[in-house]
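Colleague: Have a look at the structure that comes next, please.
Residue numbers (this note's numbering): 29 to 541.
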């Protein structure tokens, strides 16, 4: 045996054997729980066995070729089409339309033929005649041989039909791209099988050259599986990124079941405390509808409810296929703190930081709305300005801290008096203002203000056991009799309040206009 005869089987058989071994393990270990991965790995293993048989047959005398081809090569070759159709049926989701009493058994009917062949003394599925042609032990190209090639072509055509059917039903661009890859691979297999199966190349090519189509097909399947399952978190390249990401990452199936959740997601949703909970159990209808209808998920704000708390979140996501099932992958950020901070910022933009009453800006907006509403419904509105009497003296006597507490006490009493009938605000210093809308009469407003005065008398402000009286002067104006816009009503009420303050200080009493 010369150098060429030694090296030729290395390139023709050993390298493909090693390639099939690598591909089979790579596909299987990507996801050992996936039936698609196991089936593709099994198909690759069958091609591995075909090349292994041919390598062994190459090494042995020609007398062994008949039995090896019949019992080994032929049996393995019969199994490949069934496995291949099973794989493509799952890819195209045609298996779901098959009756349970047929699926998946129909794909493994060839096993019966294999068993008969193994235990039969006759060679029923392969030629038993071989000739030595150069370094090759070539099978005789008889009728059974050409029947085998024709059946292989029919199977390849069936592959293309199943792929075309799956592509027409594909629901995403990514999935259509996968079927395009499969279609190209199956087309190359068909061309190669027809060319090398029907044309006798003599000793230029090894025996059964059509089996090299298996390299094309298995590589195509592996490539499709990688594209098809590119979000498989078993892949170590992405595992650390997945686990260390501070954002919650979820992989959900079409029913909202959490198929994958990184540590941040488990902590955020308290998944350790709740068993069998779905994502749909935690979110509102808007989020469920968006996912169900496969709408765009980008900076989508929603609320998640756990057993212990309410969480405001911002979601980004996309739709993927994993294990031949539609899934959605979500990246979820907890924005509860930001939302609360924003609420505080928004609140403080419109409210007084000491008394927490609305400020001048907010009050003007609400008073404008109330005047417009009163104008449309022809109703009366009362605007009241409140000024605390002798507040500066009290502040100087007891200190600013006590002065602040007095302001908060006064704000509380004024806000209680307004209730749901208007809006109270602090304009600054010791000056407050509020309005009462939908008042039935002027007398009604007067009675309400007398009640407020009485509250200031009854609910005495106490400091270190000492009662500190709080006096006040009230100025009132009415819409529309005293004005029909914000500025006119405020000016009128302010004049009334100063008139009352002047008289009150003179007489020692508190009055309103």
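We treat Cβ as the ideally placed atom computed from N, Cα and C, and that holds for glycine.
Could you check which residue in 493, 163 and 190 has the C-alpha nearest to that of residue 87?
Modeller: Per the Cα distances, 163.
Colleague: Can you find the residues in the same chain that come closer than 8 Å, C-beta to C-beta, to residue 388, ignoring five residues on each side of it along the sequence?
Modeller: So the qualifying residues of the chain are 453, 455 and 456.
Colleague: Report the option in 462, 35 and 165 whose CA atom is closest to the CA atom of residue 394.
Modeller: Considering only alpha carbons, the answer is 462.
Colleague: How should residue 405 be labelled, buried or exposed, when 16 other C-beta atoms within 10 angstroms of its C-beta is the threshold for buried?
Modeller: So residue 405 counts as exposed.
Colleague: Identify the continuous alpha helix (DSSP H) that holds residue 85 and give its terminal residues.
Modeller: Per DSSP, residue 85 belongs to the alpha helix (DSSP H) from 63 to 87.
Colleague: Determine the DSSP secondary structure at residue 354, reduced to helix, strand or coil.
Modeller: Looking at residue 354 - three-state DSSP - the assignment turns out to be strand.
Colleague: Pull up the CB-CB distance for residue 222 and residue 186, whole angstroms please, since I reckon it's below 8 Å.
Modeller: Not really, about 15 Å apart at Cβ, beyond 8 Å.
Colleague: Looking only at its own chain, which residues have a Cβ that is under 6 Å from the Cβ of residue 75, when we skip the five neighbours before and after it?
Modeller: Cβ within range, chain order: 48, 242 and 246.
Colleague: Determine the burial state of residue 520: buried for a count of at least 16 other Cβ atoms within 10 Å of its Cβ, exposed for fewer.
Modeller: Buried is the call here.
Colleague: Please classify residue 240: is it buried, with 16 or more other beta-carbons within 10 angstroms of its beta-carbon, or exposed?
Modeller: It counts as buried.
Colleague: With DSSP as the reference, identify every bridge partner of residue 505, one or two as the case may be.
Modeller: Bridge partners of residue 505: 411.
Colleague: What residue does the beta strand (DSSP E) around residue 377 start on, and which one ends it?
Modeller: Per DSSP, residue 377 belongs to no beta strand (DSSP E); it is in the alpha helix (DSSP H), 364 to 378.
Colleague: Run through the DSSP bridge pairs and tell me what residue 165 is partnered with.
Modeller: DSSP output for residue 165 lists 160 as bridge partner(s).
Colleague: Going by beta carbon distance, what residues of the same chain come within less than 6 Å of residue 225, once the five residues before and after it are set aside?
Modeller: Taken in chain order, the residues that qualify are 177 and 238.
Colleague: Check this for me: beta carbons of residue 466 and residue 449, under 8 Å apart or not?
Modeller: Result yes, Cβ atoms of residue 466 and residue 449 sit closer than 8 Å.
Colleague: Since residue 349 sits in a beta bridge, which residues does DSSP pair it with?
Modeller: Paired residues: 354.
Colleague: Three-state secondary structure (DSSP) at residue 469?
Modeller: If DSSP states are grouped into helix, strand and coil, residue 469 belongs with coil.
Colleague: Select from 298, 402, 399 and 458 the residue whose C-alpha is nearest the C-alpha of residue 420.
Modeller: That would be 458, whose Cα lies nearest to the Cα of residue 420.
Colleague: Which residues in the same chain as residue 505 place their Cβ atom closer than 7 Å to its Cβ, once the five residues preceding and following it in sequence are excluded?
Modeller: 411, 511, 517, 520, 521 and 524.
Colleague: Have a look at residue 252 and residue 368 and give me their C-alpha separation to the nearest angstrom.
Modeller: Each residue's alpha carbon lies about 46 Å from the other.
Colleague: Please report how far the alpha carbon of residue 329 lies from the alpha carbon of residue 311, in whole angstroms.
Modeller: The straight-line gap from Cα to Cα measures roughly 11 Å.
Colleague: Cα separation between residue 161 and residue 130?
Modeller: Straight-line Cα distance between these residues: approximately 46 Å.
Colleague: Enumerate in chain order the residues of its own chain whose CB-to-CB distance from residue 146 is below 7 Å, with the five nearest sequence positions on each side excluded.
Modeller: Counting only Cβ-Cβ distances below 7 Å, and skipping sequence neighbours, we find 99 and 103.
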